[in-house]
Amino acid sequence: MIYYNDRLARYIADLFAPQDAALLRALTESPQRGLPAINIQPEEGRFLQFIARACGAKKALEIGTLGGYSGLWIARGLAPGGKLITLEADSAHAAVARDHFDAAGLADTVEIRIGDAHDTLRTLAAESPFDFVFIDADKPGYPAYYEWAMSHVRIGGVIAAHNAFRYGNIVDPADATPDTDIIRAFNRRVAADPRVISTIFPGGDGTLIAVKIA
Ligand SMILES: C[S@@+](CC[C@H](N)C(=O)[O-])C[C@H]1O[C@@H](n2cnc3c(N)ncnc32)[C@H](O)[C@@H]1O
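Numbering (the working numbering), first residue to last: 103 to 316.
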């Protein structure tokens with residue numbers, strides 16, 4: 103018997119993921135400023151915040167900033183003195199996110215690096231190891247982002263990747279769109295990877311989560 107449903111998701115969000123003015127501002131202002139409403143859900147944000155703190159993250163990396171909503175949650179989960187670097191290809195998205203991080207008092211905690219993440223990651227290698235990496239950008243990039251993270255996260259560090267359910271279509275054989283097929287293959291690959299212990303957090307659109315053990 104499976105009990106999880108939208109009402110229980112709301113229950114978790116209401117109880118564990120209350121949103122203050124900074125989070126609500128990022129949520130409402132981003133679409134008003136022209137950004138797509140493709141941010142994570144509050145309970146997913148709380149989950150990322152929890153994981154960041156549980157693994158003692160002092161150095162975290164996000165791939166896919168958008169308006170800064172998920173970044174706010176992650177930054178608030180960092181260990182004291184921790185830093186989040188977040189990568190964004192679109193400078194208009196980055197400008198909106200910058201405002202949201204600054205308004206939340208996180209100007210010194212969060213650094214946005216603008217550019218294609220595939221390029222930025224090459225220069226970021228020198229700043230490794232990272233404790234936590236959250237992947238939430240172009241789906242074709244996921245396999246490369248994951249391998250980069252596996253090479254630059256410490257043992258015991260955590261890698262998370264959003265949209266593991268592809269809006270629920272992951273289990274729909276009729277959906278053979280390229281992005282869904284990419285995520286299907288990606289989920290299978292991480293599930294079988296002996297270097298990690300992994301699973302999917304089923305809140306929102308699903309977050310694949312992997313702790314590096316080797
Ligand atoms: C799903 S949104 C991120 C949502 C955000 N994590 C949140 O929940 O608030 C994906 C973001 O990744 C950015 N993006 C897509 N491809 C990228 C790439 N190759 N390099 C860097 N950013 C990229 C997009 O511009 C977009 O802002």
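Ideal placement from N, C-alpha and C gives every residue a C-beta, glycine not left out.
Quick check: does the Cβ of residue i come within less than 7 Å of any heavy atom belonging to ligand 1?
{"i": "T167", "result": "yes"}
{"i": "N271", "result": "no"}
{"i": "G305", "result": "no"}
{"i": "N107", "result": "no"}
{"i": "D192", "result": "yes"}
{"i": "D218", "result": "yes"}
{"i": "D240", "result": "yes"}
{"i": "L189", "result": "yes"}
{"i": "S172", "result": "yes"}
{"i": "H202", "result": "no"}
{"i": "H254", "result": "no"}
{"i": "G308", "result": "no"}
{"i": "G243", "result": "yes"}
{"i": "I142", "result": "yes"}
Among the options, which residue has its Cα nearest to the Cα of residue i?
{"i": "G184", "options": "V212, A219, T222 and G259", "result": "V212"}
{"i": "H202", "options": "D281, D122 and G179", "result": "D122"}
{"i": "L174", "options": "R224, R291, F149 and A228", "result": "F149"}
{"i": "P242", "options": "N289, V298 and N141", "result": "N289"}
{"i": "A266", "options": "G258, D283, G179 and S172", "result": "D283"}
{"i": "Y106", "options": "I315, G306, I142 and L310", "result": "G306"}
{"i": "I142", "options": "V313, F232, A287 and A262", "result": "A262"}
{"i": "D334", "options": "A124, N271, R135 and T279", "result": "Since the first residue of the chain shown is 103 and the last is 316, residue 334 is not available in this structure."}
{"i": "D233", "options": "D116, R127, L168 and A156", "result": "A156"}
{"i": "R135", "options": "D295, G169 and T309", "result": "G169"}
{"i": "V255", "options": "T167, A209 and V298", "result": "V298"}
{"i": "D192", "options": "I315, F118, D218 and I140", "result": "D218"}
{"i": "I315", "options": "I216, D295 and Y113", "result": "D295"}
{"i": "L129", "options": "P144, D116, F118 and A115", "result": "P144"}
Using a threshold of 8 Å, state whether the C-beta atoms of residue i and residue j are closer than that.
{"i": "Y171", "j": "G147", "result": "yes"}
{"i": "I237", "j": "I165", "result": "yes"}
{"i": "L137", "j": "K160", "result": "no"}
{"i": "R291", "j": "D281", "result": "no"}
{"i": "E190", "j": "I153", "result": "no"}
{"i": "V260", "j": "I302", "result": "no"}
{"i": "T167", "j": "A196", "result": "yes"}
{"i": "V235", "j": "L163", "result": "yes"}
{"i": "Q151", "j": "I176", "result": "yes"}
I'd like to know if the segment 234-253 and the segment 192-211 are in contact, where contact means that at least 3 CB-CB pairs between them fall below 8 Å. Contact between the segment 234-253 and the segment 192-211 is absent: fewer than three C-beta pairs spanning the two stretches fall below 8 Å.
Review point. Using 8 Å as the threshold, is the segment 247-256 in touch with the segment 274-283, meaning 3 or more CB pairs across them?
Key: The segment 247-256 makes no contact with the segment 274-283; the number of CB pairs closer than 8 Å stays below 3.
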